[in-house]
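A.B. asks: The structure's right below; bear with me while I get my questions together.
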Amino acid sequence: MADIQTYGQNSGMKHTLLRGLLYLVLILFSVYYLFPLFVMITTSLKSLTEIREGSLISLPRVVTFDAWDYAWNQACVGVECSGIKTFFWNSVKMAIPAVLISTMLGALNGYALTKFRFRGANIIFAMLLFGCFVPFQVVLLPMSQTLGRLGIANSTTGLVLVHVVYGLCFTTLFFRNYYVSIPDELVKAATIDGAGFFTIFWRIILPISGPIIVVSVIWQFTQIWNDFLFGASFSSGDSAPMTVALNNIVNTTTGVKQYNVDMASALLTGLPTLLVYILAGKYFVRGLTAGSVKG
Amino acid sequence: MGASSSTESNLMAGLQRNLSKIVVAPSFAASLFFVYGFILWTAWMAFSKSRMMPVYDWAGLRQYERLWQMERWHVAIENLLIFGGLFIVICLFLGCLLAVLLDQRIRAEGVLRTIFLYPMALSFIVTGTVWKWILNPGLGLEKMMHDLGWASFKFDWLVNSDFAIYTVVIAAVWQASGFVMAMFLAALRGVDQDIIRAAYMDGASLPRIYFGIIIPSIRPVFLSAIVVLAHLAVKSFDLVIALTGGGPGYSSDLPATFMYTMAFQRNQLGISAASAMMMLATVMAIIVPYLYSELRGGKKNG
Chain E
5 MADIQTYGQN SGMKHTLLRG LLYLVLILFS VYYLFPLFVM ITTSLKSLTE
55 IREGSLISLP RVVTFDAWDY AWNQACVGVE CSGIKTFFWN SVKMAIPAVL
105 ISTMLGALNG YALTKFRFRG ANIIFAMLLF GCFVPFQVVL LPMSQTLGRL
155 GIANSTTGLV LVHVVYGLCF TTLFFRNYYV SIPDELVKAA TIDGAGFFTI
205 FWRIILPISG PIIVVSVIWQ FTQIWNDFLF GASFSSGDSA PMTVALNNIV
255 NTTTGVKQYN VDMASALLTG LPTLLVYILA GKYFVRGLTA GSVKG
Chain F
260 MGASSSTESN LMAGLQRNLS KIVVAPSFAA SLFFVYGFIL WTAWMAFSKS
310 RMMPVYDWAG LRQYERLWQM ERWHVAIENL LIFGGLFIVI CLFLGCLLAV
360 LLDQRIRAEG VLRTIFLYPM ALSFIVTGTV WKWILNPGLG LEKMMHDLGW
410 ASFKFDWLVN SDFAIYTVVI AAVWQASGFV MAMFLAALRG VDQDIIRAAY
460 MDGASLPRIY FGIIIPSIRP VFLSAIVVLA HLAVKSFDLV IALTGGGPGY
510 SSDLPATFMY TMAFQRNQLG ISAASAMMML ATVMAIIVPY LYSELRGGKK
560 NG
């Protein structure tokens, strides 16, 4: 940290002015980042007539939740007009098992690769890690054929499999890097006492893994909930996740364009991850920086 | 009786000894098949005559030739250069600026950080949807400016095939710049305070401290940020789909959307596979040297 207060040479008036300017600039940037959220919320609360007559930044004169109700219960996704709620539940049914399985496997992998090292453990880790960097376009075609052969194309099960397989490298990375810093003596002492591989994992390692479990769960949940590529490639009709449904609603060419419904749907899609971010921002940022090598 | 129980206990001991390998094996097998196997599979398809259905007869470099003869692919590559270049440069600039501004003992720093970073939690589809609404020429920003009295204001980039790709830059910068800020801020906090104090004692001004000492000392973070952003740029797909749909026409196509269109809409599996291999090669060209230098540096330090 090198700040004006400590290291600036100006004093008095000029200093106060500089501080004022600094805050002004920061506030302007905040406005820029908040503007789309503001527009989303206000537009979703307006009626269509008000949207046509008013301006992008005007507050709704009459607040109405009709667009939210319509988005949730009636909006048309393809030929199905029963709202985005079906797809919300699709995403939930996809995200929960995929997050839990990939986190569990990641924890076990990380534990095995650091505390019960075998010959070649490092090479195996490096090979797993490679999966984080691969652009997923390169696996799309084989995956769609494999899912077809397995009979789980266009199903939530198929998407769970895909997200587990391609989430593994991240969860393994998180847990491996966390367990590396835990002293080996802890495990050695327990081994001498006669505890086995799984006993040590349950009794000693898992109880101290709280923070990294949170990081992994949040990272995986955000990735899986926000995914569009896999959802669009491997699902269709009413098995699609919410992001695919949102894109469908917005890009429907039939009928009148309902901007308020679009915005309400977008907010509904964004809310779960936003909530997670607001409630556990610290862990979200940790995941971002730990997994950041991947993008 | 005795023999069988001893083989059993031998088996158990062996199992215990190998549990670690057994636990990792399924993930490793999945990785071998779903990552390495699939890459080879795609590579093979790119050498085949596949069009609508995958066929596996050798066609040499035919698909790559066809790919590079397509104007649409050249548009996608050009767009990637424009988009990637601007996206990286603007994100670095904004991220660095915001980090330095936030590093001035700001009151409510936590709140501001939260505001700058929240777009990163959103899906690119949500981001695309909202920017599409803001930038639409009919009722969005343009109308807002007209209402504010700027009657000649014109902003039709979203539907203008020469400028559509720049709207993708606008939305992508909004989403990712806060993340770059977080990376830089963490690095700024790690700079050795004694060096800064010493420079200050020598009479260096604040801008000189920043440009002469602090920014050079966080150079590795610039490299990491560039790699992360470049990687993001090459993989960009959702945002284009939600914002412009690759249009008007295919004027805002990126390699990722090109690959997807060829695979799932145009029934050109061979070309699609070839373009995916080109994307893989691009990402590897960025990542491999970076990881290599990182790992080597790590060994040196450790």
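Respectively, the protein sequence lines represent chains E and F.
According to the working numbering, the residues represented by the first sequence are 5 to 299, in order.
According to the working numbering, the residues represented by the second sequence are 260 to 561, in order.
No residue lacks a Cβ here, since even glycine has one placed at the ideal position from N, Cα and C.
(1) For residue 186 (chain E) and chain F, any beta-carbon pair shorter than 7 Å?
(2) Quick one: list the residues of chain E neighbouring residue 446 (chain F), beta-carbon separation under 9 Å, in chain order.
(3) Give, in chain order, every unbroken run of the alpha helix (DSSP H) that is at least 4 residues long and sits entirely within the stretch 305–365 of chain F.
(4) Just reading off the alpha helix (DSSP H) that residue 173 (chain E) is part of, what are its end residues?
(5) I'd like the span of the alpha helix (DSSP H) that includes residue 307 (chain E), first residue to last.
(6) Determine whether the Cβ of residue 116 (chain E) lies closer than 7 Å to any Cβ atom of chain F.
(7) By the DSSP assignment, the alpha helix (DSSP H) with residue 114 (chain E) in it spans what residues?
(8) Does the CB of residue 410 (chain F) have a neighbour CB from chain E at under 7 Å?
(9) Applying the criterion that 16 or more other CB atoms from any shown protein chain within 10 Å of the CB defines a buried residue, is residue 180 (chain E) buried or exposed?
(10) Mapping the DSSP letters down to three states, classify residue 81 (chain E) as helix, strand or coil.
(11) Counting only C-beta atoms, is residue 137 (chain E) closer than 7 Å to chain F at any point?
(12) So, with DSSP's three-state summary, where would you put residue 526 (chain F)?
(13) Compare the beta carbon distance of residue 135 (chain E) and residue 173 (chain E) with 7 Å and say whether it is the shorter of the two.
(14) Which same chain residues, not among the five before or five after residue 350 (chain F), have their C-beta less than 7 Å away from its C-beta?
(15) Please identify, using Cβ separations under 8 Å, the residues of the stretch 364–375 of chain F that lie next to chain E, in order along the chain.
(16) Looking at residue 142 (chain E): is its Cβ nearer than 7 Å to the Cβ of residue 301 (chain F)?
(17) Closer than 8 Å, Cβ to Cβ, to anything on chain F: give me those residues from the stretch 43–73 of chain E, in chain order.
(18) I want to verify the contact list: residues of chain F whose CB lies under 8 Å from the CB of residue 266 (chain E), in sequence order.
(19) Step through the CB atoms of chain F and report whether any lies within less than 7 Å of the CB of residue 106 (chain E).
(20) Any Cβ of chain E within less than 7 Å of the Cβ of residue 377 (chain F)?
(21) Please state the DSSP three-state secondary structure of residue 129 (chain E).
(22) Please confirm if residue 494 (chain F) has its CB atom under 7 Å from at least one CB of chain E.
(23) I need the DSSP call for residue 204 (chain E), collapsed to helix, strand or coil.
(24) Distance cutoff 7 Å, beta carbons only. Does residue 211 (chain E) sit that close to anything in chain F?
(25) Taking the continuous alpha helix (DSSP H) assigned at residue 32 (chain E), which residues delimit it?
(26) Does the Cβ-Cβ distance between residue 544 (chain F) and residue 531 (chain F) come in under 7 Å?
(27) Could you pull out every residue in the same chain whose Cβ sits closer than 6 Å to the Cβ of residue 510 (chain F), ignoring the five residues on either side in sequence?
(28) Does the Cβ of residue 363 (chain F) have 16 or more other Cβ atoms within 10 Å, making it buried, or fewer, making it exposed?
(29) Can you name the residues of chain F whose CB is closer than 9 Å to the CB of residue 112 (chain E)?
(30) Check whether the Cβ of residue 22 (chain E) lies closer than 7 Å to any Cβ atom in chain F.
(31) Within 10 angstroms of its Cβ, does residue 287 (chain E) collect 16 or more other Cβ (buried), or is it exposed?
(32) Interface residues of chain E around residue 504 (chain F) at Cβ under 8 Å?
(33) Along chain F, in chain order, which residues have C-beta atoms closer than 9 Å to that of residue 230 (chain E)?
(34) Could you have a look at residue 410 (chain F) and say whether DSSP puts it in helix, strand or coil?
(35) Does the beta-carbon distance from residue 265 (chain E) to residue 75 (chain E) come in below 7 Å?
(36) Please confirm whether residue 256 (chain F) has its beta-carbon closer than 7 Å to some beta-carbon of chain E.
C.D. replies: So, to answer that:
(1) In terms of beta-carbon proximity, residue 186 (chain E) stays away from the interface with chain F, with every pair separated by 7 Å or more.
(2) In chain order: nothing, as chain E lies at least about 10 Å away.
(3) Unbroken alpha helix (DSSP H) stretches of 4 residues or longer found wholly inside the stretch 305–365 of chain F: 321–328 and 330–361, given in chain order.
(4) 160–184 is the span of the alpha helix (DSSP H), which, as asked, contains residue 173 (chain E).
(5) For chain E, the structure presents residues 5 to 299; residue 307 (chain E) sits outside this window and is missing.
(6) Yes, contact with chain F.
(7) Counting along the chain, the alpha helix (DSSP H) containing residue 114 (chain E) begins and ends at 89–119.
(8) Contacts with chain E at 7 Å (Cβ-Cβ) do not include residue 410 (chain F).
(9) Of the other Cβ atoms in all chains shown, 16 or more fall within 10 Å of the Cβ of residue 180 (chain E); this residue is therefore buried.
(10) Residue 81 (chain E) falls in the strand class under three-state DSSP.
(11) Residue 137 (chain E) counts as touching chain F.
(12) Coil at residue 526 (chain F), not helix or strand.
(13) Taking 7 Å as the Cβ cut-off, residue 135 (chain E) and residue 173 (chain E) qualify as a contacting pair.
(14) 432, 435, 436, 439 and 488.
(15) Hits within the stretch, in order: 364, 365, 371, 373, 374 and 375.
(16) A contact, by the Cβ cut-off of 7 Å.
(17) Those would be 43, 44, 47, 55, 56, 59, 60 and 61, in chain order.
(18) Here the neighbours are 388 and 392.
(19) Not a single CB atom of chain F sits nearer than 7 Å to the CB of residue 106 (chain E).
(20) It does; some Cβ of chain E falls within 7 Å.
(21) Here residue 129 (chain E) carries a helix assignment [DSSP, helix/strand/coil].
(22) True, the Cβ-Cβ gap to chain E drops below 7 Å.
(23) Residue state, collapsed to three classes: helix.
(24) Under the Cβ criterion of 7 Å, residue 211 (chain E) is not counted among the residues facing chain F.
(25) Note, residue 32 (chain E): alpha helix (DSSP H), 17–48.
(26) Going by C-beta atoms, residue 544 (chain F) is not nearer than 7 Å to residue 531 (chain F).
(27) Correct list, in chain order: 420 and 423.
(28) Buried, because 16 or more other Cβ atoms sit within 10 Å of the Cβ of residue 363 (chain F).
(29) Those are 282, 283 and 286, listed as they occur along chain F.
(30) Proximity of residue 22 (chain E) to chain F, defined by a Cβ-Cβ separation below 7 Å, is not satisfied.
(31) Residue environment analysis places residue 287 (chain E) among the buried positions, since at least 16 neighbouring C-beta atoms fall within 10 angstroms of its C-beta.
(32) By Cβ distance, chain E contributes 255.
(33) Correct list: 380, 381, 382, 383, 384, 385 and 497.
(34) Residue 410 (chain F): coil per DSSP, three-state reduction.
(35) Taking 7 Å as the Cβ cut-off, residue 265 (chain E) and residue 75 (chain E) qualify as a contacting pair.
(36) Outside the displayed range of chain F (260 to 561) lies residue 256 (chain F), so it cannot be described from this structure.
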